[in-house]
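Below: one structure, written as structure tokens.
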Ligand SMILES: Nc1ncnc2c1ncn2[C@@H]1O[C@H](COP(=O)(O)OP(=O)(O)OP(=O)(O)O)[C@@H](O)[C@H]1O
Ligand SMILES: [Mg+2]
């Protein structure tokens, strides 16, 4: 592995998966091999007798090589609720996630790991996404959905990342709220307030085109 990033966000549904897929495409365009991972996922459907999550399936499809689903998503919970509730009978064990991560990182130049929910989303009875990020020790990319309330949520999340003594490589704005009409001034306000670089602004698109979205990312 030459590079790795952990993708967290201000909340659930903010664009972490889209950023993960855009970043994977960005690195593939630079002729680097990429592997993505979604270690803990809530909300699955049964396909051929196995629970499968749509984020993890998209990530699996975007990988540079075919990789066993269970390696990239060891914890696939049926219900679309917090992992500490959805996984009561099979709680996520960070040692297991780390051993999968170690295997995966030998398989590509770049590894991108998508979290679940926000930075303090509970993974099991005692641990959160922050603990997972601590175990992986990857630079973090903070995904922000540009909408009302995001300035507060972004600063709170950034403070939490700093408190965990993790490196934040930058943040990415995702314009996934078509109704919001203060996009530019909100991004400006965040640029003024955050001491980390803005690595990209994913524009609102009616259909996912990750080649196009990858071109909006700048490291
Ligand atoms: N650039 C964009 N333009 C339009 N819609 C977008 C864009 N990016 C993301 N979306 C939409 O925003 C929603 C949330 O995106 P995404 O699934 O990536 O969020 P997430 O943070 O990964 O959510 P989860 O916490 O469930 O993993 C999805 O419905 C997606 O289709
Ligand atoms: Mg997602």
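Numbering (the numbering used here), first residue to last: 36 to 254.
Beta carbons are placed, not taken as given, at the ideal position from N, Cα and C, and that holds for glycine.
- Residue pairing from DSSP places residue 149 in a beta bridge opposite 42.
- Take residue 180, set aside five residues on each side of it, and the residues of its chain with a beta-carbon closer than 6 Å to its own are 49, 50, 209, 211, in chain order.
- Going by C-alpha positions, residue 233 is about 42 Å away from residue 84.
- Per the Cβ contact rule, the stretch 69-89 is in contact with the stretch 97-107 (3 or more Cβ pairs under 8 Å).
- Short note on residue 149: C-beta closer than 8 Å to some heavy atom of ligand 2.
- Between residue 177 and residue 205, the gap from beta carbon to beta carbon is short of 9 Å.
- Under the DSSP assignment, residue 239 falls outside any alpha helix (DSSP H); it carries neither an H nor an E label.
- With fewer than three CB-CB distances shorter than 8 Å, the stretch 53-60 does not count as touching the stretch 123-132.
- Per DSSP, the unbroken alpha helix (DSSP H) holding residue 185 starts and ends at 185-198.
- Relative to ligand 2, residue 52 has its C-beta within less than 8 Å of a heavy atom.
- Residue 61 counts as buried, since no fewer than 16 other beta carbons sit within 10 angstroms of its beta carbon.
- Per DSSP, reduced to three states, the secondary structure at residue 79 is coil, with no helix or strand assignment.
- Membership of residue 224 in any beta strand (DSSP E) is not indicated; the residue belongs instead to the alpha helix (DSSP H) covering 218-228.
- For residue 231, no beta strand (DSSP E) run applies, since DSSP gives it neither H nor E.
- Our two residues, residue 217 and residue 125, have alpha carbons roughly 43 Å apart in a direct line.
- Collapsing the DSSP output to three states places residue 111 in a strand.
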